[in-house]
Amino acid sequence: MAPNPDHHHCLHSRPYQLVDLHLVVGLHPHSAPTVQHLGKRRQLSSNSVFFRVFDSSPLLLQTALLDRPQGHPAPSEHFPGRLLDNHDFCQGYCLVVRSAVCRGAADVIMYAVLPMCLGEVTTPKIRGTWGNGQTFSFNAGFFVMSATGSFLTIQTTACVFLSLPVLFTALFMWMPESPYYFIAKGRDAKARSSLQFLLRKKNVNEEFQSLKKDVDRQVSETGTWRDLWMIRSNRRALIACVFLRWAQQLAGIAVFETYFQFIFQKAGPTALTPQGSALFFSGALWLAMTGFSFTLDKLGRRKSFVFSALGCALCLTAESCYFFIDEFRPGLDLASFSWFPIAGLLLYSFFYAFGLDILPSLMAGELFSASIKAKGLAVANVFMGIICFFTATIFKTLSNELGLFAPFALLALCTFGCRALSLSIVPETRGRTLEEIQQDLKGACKF
3 MAPNPDHHHC LHSRPYQLVD LHLVVGLHPH SAPTVQHLGK RRQLSSNSVF FRVFDSSPLL
63 LQTALLDRPQ GHPAPSEHFP GRLLDNHDFC QGYCLVVRSA VCRGAADVIM YAVLPMCLGE
123 VTTPKIRGTW GNGQTFSFNA GFFVMSATGS FLTIQTTACV FLSLPVLFTA LFMWMPESPY
183 YFIAKGRDAK ARSSLQFLLR KKNVNEEFQS LKKDVDRQVS ETGTWRDLWM IRSNRRALIA
243 CVFLRWAQQL AGIAVFETYF QFIFQKAGPT ALTPQGSALF FSGALWLAMT GFSFTLDKLG
303 RRKSFVFSAL GCALCLTAES CYFFIDEFRP GLDLASFSWF PIAGLLLYSF FYAFGLDILP
363 SLMAGELFSA SIKAKGLAVA NVFMGIICFF TATIFKTLSN ELGLFAPFAL LALCTFGCRA
423 LSLSIVPETR GRTLEEIQQD LKGACKF
C-alpha cells in the first residue's frame, strides 16, 4: 500500500534546508590563521557587526522588493501584494543567496571561535555548566525568534534583530582577550590582567605560572595541517569532535525542527496554532537544555552522551512505528493515540537536551591543543556541513519514496550505533584542565 498522498504533498510543499556550504568555508586556508592572529574577542566582535549586518540587510531589501507596489498588482498565495515577474524573482533569489553566504561566514566564525573562547576562559570547575553558552544562546535565539516572528512581519523582525549584534559588540568590548592568546603571543602582563578580570582576584601568580607552563608546551608544537592528522592526540581530538557533530545531526534534530508543525497536526485539532507549536517546541528545548547544563559535571560527558543518545534513539524508533502504522495500516484506528507524536517530541527534547544538544559545542573547546585548535575546528566545520547536507537530503528522499517512518527508522538506527561507538571515541573531560585533557589524549592515562 502506498503512503498517504496528502503527506507527500506536505513534504513537497515544505522548504528544505539548503546545502550547508557555508560551513565548508571553514576549511579555507585563511580562516585558521585569522583566528590565531586577530584573537577571539576581535574576531567575534567583527563577526557580530559586519557579517550579521550584511546578513540582515539583504532580507530587508528582499522584503522591500516583494512588497513594492506596482501598477498591475496580481495577488498570489504567498505574496498577496502582487505577482513577481521573472526579473524580480531572480533579483530576490540573488539577495537570498547573498544573505545565506553572509550568514554562513558568520556561522563559520561562531562555530570555530566561540567554543575556543568559552573553553579558555572557564575553569574546569564551572566549564561543564557555563561552557554551554553557545548552545544556550542558540536555543534562546530559536525561541525568541519564534516568538517575535509570530507577531511581526519578516521585515520588522529583521529590523528588530539587526540591533542585537551592535548591542553585543558594545557589551563584549569590555571583555578581555583570552589569557591563552596573550601568553601565546608573549604578552604576559596582558595575560595576568586577563586572569585577574576573569578570576576576580588580584593575586593570580599561581594560576598564571601553571597556565603559562601549559600554553608554552602546547604552542611549542608545530601545529601544521599535517600535524592535525599525524599526531595521535590531535587525531583523537578531531575524531571525537567530528563524531559528536555527526551524532548530533544523525539524532534527527533537524528532522524535528523541520517537521514539528506536521507532528502537531498529526495529533489532531489542538488549541495551538503553527506559531504556537513553534513556541512550544523551541521553549521546551531551551528549558530542558538550561536545566541539564547543571548535570554535566555530576554525571560526566560520556555518561551524559550515552544516556542522551539512547533516549533519542528510542523516541525516534517510537515515532517511526507510529508513522508506519498511520501510513500503511489505515485499518487501525489511531484516534485514541493522537497524543503520541507530541509526547514523543517532548521526550525527544528532554533526552536531546541532556547531552547531544550540549556536548558537541562544549567539547569542541576542550579537546584541541592551543597550537592546532583553530585548524581542528575548521576541519570539524567542514564535516558538520557534510552531515547536515546528508541528513537533509536523505530525509527528503526517504520521506518521498517510502514514507515518513523511513527516515525516523534510519536515524534511530544511526543513533543506536553512535551510542555504542561513543564508549570508545568520546573522552571524559569532566574536572580536567585543558592540559590534562591533552595528556589524556596523548595516552598518558586512559579516558
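When the letters of the sequence shown are read in order and numbered with the working numbering, they come out as residues 3 to 449. Ideal Cβ placement from N, Cα and C applies to all residues, glycine included. As the structure is a prediction and not an experimental result, all values here were calculated from the model.
Notebook entry, point to check: Taking Cβ positions, are Ser152 and Pro178 nearer each other than 8 Å?
Noted result: If you number the sequence shown from 1, residue 152 lands on position 150. If you number the sequence shown from 1, residue 178 lands on position 176. Not in contact: Ser152 and Pro178 (Cβ atoms no closer than 8 Å).
Review point. So is Trp231 buried or exposed if we call it buried at 16+ other beta carbons inside 10 Å?
Key: Here residue 231 refers to the residue found at position 229 when the sequence shown is read from its first residue. Exposed, by the Cβ-count rule.
Flag this pair as touching only if the stretch 223-239 and the stretch 298-312 have three or more C-beta atom pairs under 8 Å; answer yes or no.
Taking a cut-off of 8 Å for Cβ pairs, the stretch 223-239 and the stretch 298-312 do not touch, as fewer than three such pairs fall below it.
**Message:** Taking only three categories from DSSP, how would you classify Pro75?
**Reply:** Against the sequence shown, residue 75 aligns to sequence position 73. Confidence at Pro75 is low in this model, with a pLDDT of 44, below 50, so its placement is unreliable and the value that follows should be read with caution. The answer is coil: DSSP assigns Pro75 none of H, G, I, E or B.
Once you ignore the five residues that flank Glu430 on each side, which residues in its own chain have a CB closer than 6 Å to its CB? Residue numbering aside, residue 430 sits at position 428 when the sequence shown is read from its first letter. Within the same chain, Glu430 has close Cβ partners Gly302, Arg303, Arg304, Phe449.
- Pick from Trp341, Thr224, Phe184 that is closest to Phe210, judged by C-alpha positions: Translated into positions along the sequence shown, residue 210 becomes position 208. Of the listed residues, the one whose Cα sits closest to Phe210 is Phe184.
Among the candidates Ser424, Leu379, Phe262, whose CA atom is the shortest distance from the CA of Leu347?
For the purposes of this step, residue 347 is identified with residue 345 of the sequence shown, where counting begins at 1. It is Phe262.
Can you give me the C-alpha to C-alpha distance between Ser165 and Thr158, rounded to a whole angstrom?
Taking the sequence shown and counting its residues from 1, one reaches residue 165 at position 163. Taking the sequence shown and counting its residues from 1, one reaches residue 158 at position 156. The alpha-carbon atoms of Ser165 and Thr158 are separated by roughly 12 Å.
Quiz item: How many angstroms separate the CA atom of Thr435 from the CA atom of Ile128?
Solution: Taking the first residue of the sequence shown as position 1, residue 435 is located at position 433. Taking the first residue of the sequence shown as position 1, residue 128 is located at position 126. Going by the C-alpha atoms only, they are around 11 Å apart.
Taking the alpha carbon of Arg421 as the reference point, which residue from Ala114, Gly285, Leu252 has its own alpha carbon closest?
One-based indexing of the sequence shown puts residue 421 at position 419. Nearest C-alpha to Arg421: Leu252.
Note down, in chain order, each residue of its chain lying with its Cβ closer than 6 Å to the Cβ of Glu321, except the 5 sequence neighbours on either side.
If you number the sequence shown from 1, residue 321 lands on position 319. Once the five neighbours on either side are set aside, the close Cβ partners of Glu321 are Gly346, Phe410.
| Is the beta carbon of Cys161 less than 8 Å from the beta carbon of Ala382? | The count along the sequence shown starts at 1 and reaches residue 161 at position 159. The count along the sequence shown starts at 1 and reaches residue 382 at position 380. No.
Considering only residues of the same chain and omitting the five flanking positions on each side of Ala256, which have a CB-CB separation below 8 Å? Along the sequence shown, read from residue 1 onward, the residue named residue 256 stands at position 254. Answer for Ala256: Gln19, Cys390, Thr393, Ala394, Phe397, listed in chain order.
Could you have a look at His80 and say whether DSSP puts it in helix, strand or coil? Position 78 of the sequence shown, counted from the first residue, corresponds to residue 80. The predicted model places His80 with a pLDDT of 40, which falls under 50 and marks its position as unreliable, so this point remains unresolved.
Can you tell which of Lys214, Cys314, Ala355, Phe163 has its C-alpha closest to the C-alpha of Thr292? Taking the first residue of the sequence shown as 1, we reach residue 292 at position 290. Here the closest residue by C-alpha is Ala355.
In terms of residues, what are the limits of the alpha helix (DSSP H) holding Leu336?
-> Position 334 of the sequence shown, counting from 1, holds the residue named residue 336. Looking at the DSSP string, Leu336 is not in any alpha helix (DSSP H), and its letter there is neither H nor E.
**Prompt:** From what residue to what residue does the alpha helix (DSSP H) around Ile156 run?
**Reply:** Reading the sequence shown from its first residue, position 154 is the one you call residue 156. 156-174 is the span of the alpha helix (DSSP H), which, as asked, contains Ile156.
Given a threshold of 16 other Cβ atoms within 10 Å of its Cβ, counted over all protein chains shown, does Leu425 qualify as buried or as exposed? Looking up residue 425 in the sequence shown gives position 423. Classification of Leu425: exposed, given that the 10 Å Cβ count is below 16.
Practice item. Indicate, with yes or no, if the ligand ATP has a heavy atom lying under 7 Å from the CB of Asn134. Key: Looking for the ligand ATP in the displayed structure turns up nothing, as the structure carries no ligands at all.
Item to complete: Whole angstroms is fine: what's the gap from Thr260's alpha carbon to Tyr182's?
Response: Along the sequence shown, read from residue 1 onward, the residue named residue 260 stands at position 258. Along the sequence shown, read from residue 1 onward, the residue named residue 182 stands at position 180. About 39 Å.
Self-check item: For Ser373, three-class secondary structure by DSSP
Solution: For this step, residue 373 is matched to residue 371 along the sequence shown. Here Ser373 sits in coil by DSSP.
Can you give me the C-alpha to C-alpha distance between Val123 and Ile327, rounded to a whole angstrom?
Locating residue 123 in the sequence shown gives position 121, where the first residue counts as 1. Locating residue 327 in the sequence shown gives position 325, where the first residue counts as 1. Approximately 51 Å, taken between the alpha carbons.
**OP:** Determine the closest residue to Val428 out of Lys375, Gly254, Pro362, with distance taken between C-alpha atoms.
**Re:** Numbered from its first residue, the sequence shown carries residue 428 at position 426. Comparing Cα positions, the closest option is Pro362.
Original post:
Can you tell which of Gln220, Thr226, Ile360 has its C-alpha closest to the C-alpha of Ile439?
Top reply: Here residue 439 corresponds to residue number 437 of the sequence shown, with the count starting at 1. Between Ile439 and the set Gln220, Thr226, Ile360, the nearest pair of CA atoms involves Gln220.
Rounded separation between Phe174 and Gly135 - CA only: Residue 174 sits at position 172 when you count from the first residue of the sequence shown. Residue 135 sits at position 133 when you count from the first residue of the sequence shown. Rounded to the nearest angstrom, the two C-alpha atoms are 14 Å apart.
- prompt: Roughly how many whole angstroms lie between the Cα atoms of Lys203 and Lys192?
  reply: As a first step, residue 203 is located in the sequence shown; it is residue number 201 there, counting from the start. As a first step, residue 192 is located in the sequence shown; it is residue number 190 there, counting from the start. In this structure, the straight-line span from the alpha carbon of Lys203 to that of Lys192 is close to 15 Å.
- Host alpha helix (DSSP H) of Asp299 (start-end): Counting from 1 along the sequence shown, the entry for residue 299 is found at position 297. Per DSSP, the continuous alpha helix (DSSP H) segment holding Asp299 begins and ends at 298-301.
| message | Measuring only the C-alpha atoms, how far is Ala376 from Leu240? | response | By 1-based counting over the sequence shown, the position of residue 376 is 374. By 1-based counting over the sequence shown, the position of residue 240 is 238. Roughly 11 Å separates the two Cα atoms.
Once DSSP output is grouped into helix, strand and coil, what is the label at Met177? Mapped onto the sequence shown, residue 177 falls at position 175. In the structure shown, Met177 sits in coil (DSSP, three-state: anything other than H, G, I, E or B).
Under 8 Å, do Ser351 and Ala286 count as touching if we go by C-beta distance? As a first step, residue 351 is located in the sequence shown; it is residue number 349 there, counting from the start. As a first step, residue 286 is located in the sequence shown; it is residue number 284 there, counting from the start. Cβ atoms of Ser351 and Ala286: closer than 8 Å.
Expected contact under 8 Å - CB spacing of Cys314 and Phe353 to nearest Å: If you number the sequence shown from 1, residue 314 lands on position 312. If you number the sequence shown from 1, residue 353 lands on position 351. In this structure Cys314 touches Phe353 by the C-beta definition: roughly 5 Å separates them, less than 8 Å.
Q. Can you tell me whether DSSP reads Leu252 as helix, strand or coil?
A. What you label residue 252 is simply residue 250 of the sequence shown in a count that begins at 1. Of the three classes helix, strand and coil, the one that applies to Leu252 here is helix, per DSSP.
Three-state secondary structure (DSSP) of Glu329: Here residue 329 is taken as the residue at index 327 of the sequence shown, counted from 1. DSSP places Glu329 in helix when its eight states are reduced to three.
With Arg238 and Leu423 assumed to form a contact (beta carbons below 8 Å), what rounded beta-carbon distance in angstroms separates them? What you label residue 238 is simply residue 236 of the sequence shown in a count that begins at 1. What you label residue 423 is simply residue 421 of the sequence shown in a count that begins at 1. Not quite, the Cβ-Cβ distance comes to about 14 Å (not below 8 Å), so this is no contact.
At 4 residues or longer, what runs of the alpha helix (DSSP H) sit wholly inside the stretch 397-443? The stretch 397-443 contains these whole alpha helix (DSSP H) runs: 407-427.
Assuming Lys503 and Met118 form a contact by the criterion Cβ under 8 Å, report the distance between their Cβ atoms to the nearest whole angstrom.
This structure leaves residue 503 out entirely; the chain is present only between 3 and 449.
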